[in-house]
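Written out below as structure tokens is the structure these notes cover.
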Amino acid sequence: MNGKRKGTIISPSLLSADFSKLTEECVDIERGGAKWLHLDVMDGSFVPNISFGAPVIACLRDKTKMFFDVHLMIDEPIRYIDDFVRAGAELITVHTEACSDVAATVKKIKDSGVHAGLTVKPATPVEEILPYLPELHTVMIMTVNPGFSGQKFMPEMLDKIKTLNAERERLGLDFYIEVDGGVGEGNAELLCSAGVDVLVAGSGVFGKEDRKAAISALIEKGDSCNG
Ligand code: DX5
Ligand code: ZN
């Protein structure tokens, strides 16, 4: 196995949590073994849904030590990077389709002192990300159309993951490969054997009664391919 793959990381998506008790939900998954927390920010324009913004993230910052993995589904995210950094983001991932200047947006994120990530919608080729690979901490592959949790995984996105994994090896880089959308026990092994390091799971964790069991099962499936 090439590239990163030092052990599967689970990044539960808060979008599937009970919004009336966000602190308890965060504590529950942190105790359950989650190292990252995936925070989906939607503006109702780039995607057809509105979720939450920097003030909610700021309120959660001192409630957990989890790594704040912020996924911005907003138009021209460069306008709001300062807000999300102040709120406690540690990784900010933006969509190439949402940025009129991708390089400037990545630079802005990094100059603000946090890690930068890029992602694309399912219809966009992964090649759009390749020129920026040396600058990135994480590349995320969307395996659903962004906007909602609980959608069906798109297996045809696997080729993008394989391309990324090969480029990571070829260029000697060590960015994380993350996957977002429809991830669960049924596909964790397949994804990780293709090179995925970080599994985002919304309904696959928060939708389960026993979150610790759900997280452990995902880690176990993911790690089973770590040759
Ligand atoms: C979709 C979001 C995802 C979503 C994942 O736009 O980016 O992070 O919450 O939810 P599941 O795991 O249920 O597909
Ligand atoms: Zn997401």
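Under the numbering used here, think of the first position of the sequence shown as 72, with each following residue one higher. Idealized CB from N, CA, C, for every residue including glycine.
- Between the stretch 180-187 and the stretch 83-96, the count of Cβ pairs shorter than 8 angstroms is below three; the stretches do not touch.
- Ordered by chain, the residues meeting the criterion of a beta-carbon within less than 6 angstroms of a non-hydrogen atom of the ligand ZN are 84, 109, 111, 142, 251 and 271.
- Relative to the ligand DX5, the beta carbon of residue 183 is positioned no closer than 6 angstroms to any heavy atom.
- Residue state for residue 202 is assigned as helix, using DSSP reduced to three classes.
- Nearest neighbour of residue 245 by Cα position, chosen from 251, 237 and 252, turns out to be 237.
- Taking all protein chains shown into account, residue 133 has fewer than 16 neighbouring C-beta atoms within 10 Å of its C-beta and is therefore exposed.
- Rounded to whole angstroms, residue 121 and residue 167 show a C-alpha spacing of 19 angstroms.
- Under the 10 Å beta carbon count, residue 179 is surrounded by 16 or more other beta carbons and is classified as buried.
- Nearest neighbour of residue 274 by Cα position, chosen from 128, 219 and 148, turns out to be 219.
- The beta carbons of residue 296 and residue 249 sit no closer together than 7 angstroms.
- Between residue 288 and residue 240, the gap from beta carbon to beta carbon reaches 7 angstroms or more.
- According to the DSSP assignment, residue 154 belongs to the alpha helix (DSSP H) that extends over 152-158.
- As the crow flies, the alpha-carbon of residue 135 is around 33 angstroms from that of residue 226.
- Boundaries cannot be given for residue 252, as no alpha helix (DSSP H) includes it and DSSP labels it neither H nor E.
- Distance from the Cα of residue 153 is smallest, within the candidate group 131, 126 and 138, for 126.
- Cβ-Cβ distances below 8 angstroms link residue 104 to 81, 283, 286, 287 and 290 in the same chain, with the five nearest sequence neighbours on each side left out; the list follows chain order.
- Short of 6 angstroms from the beta carbon of residue 221, and not among the five residues preceding or following it, lie these beta carbons of its own chain, in chain order: 274.
- Distances taken from the Cβ of residue 217 to the heavy atoms of the ligand DX5 include one shorter than 6 angstroms.
- A contact is defined here as three or more CB-CB pairs under 8 angstroms, and the stretch 200-215 meets this definition with respect to the stretch 156-171.
- Our two residues, residue 175 and residue 115, have alpha carbons roughly 23 angstroms apart in a direct line.
- Short of 7 angstroms from the beta carbon of residue 99, and not among the five residues preceding or following it, lie these beta carbons of its own chain, in chain order: 282.
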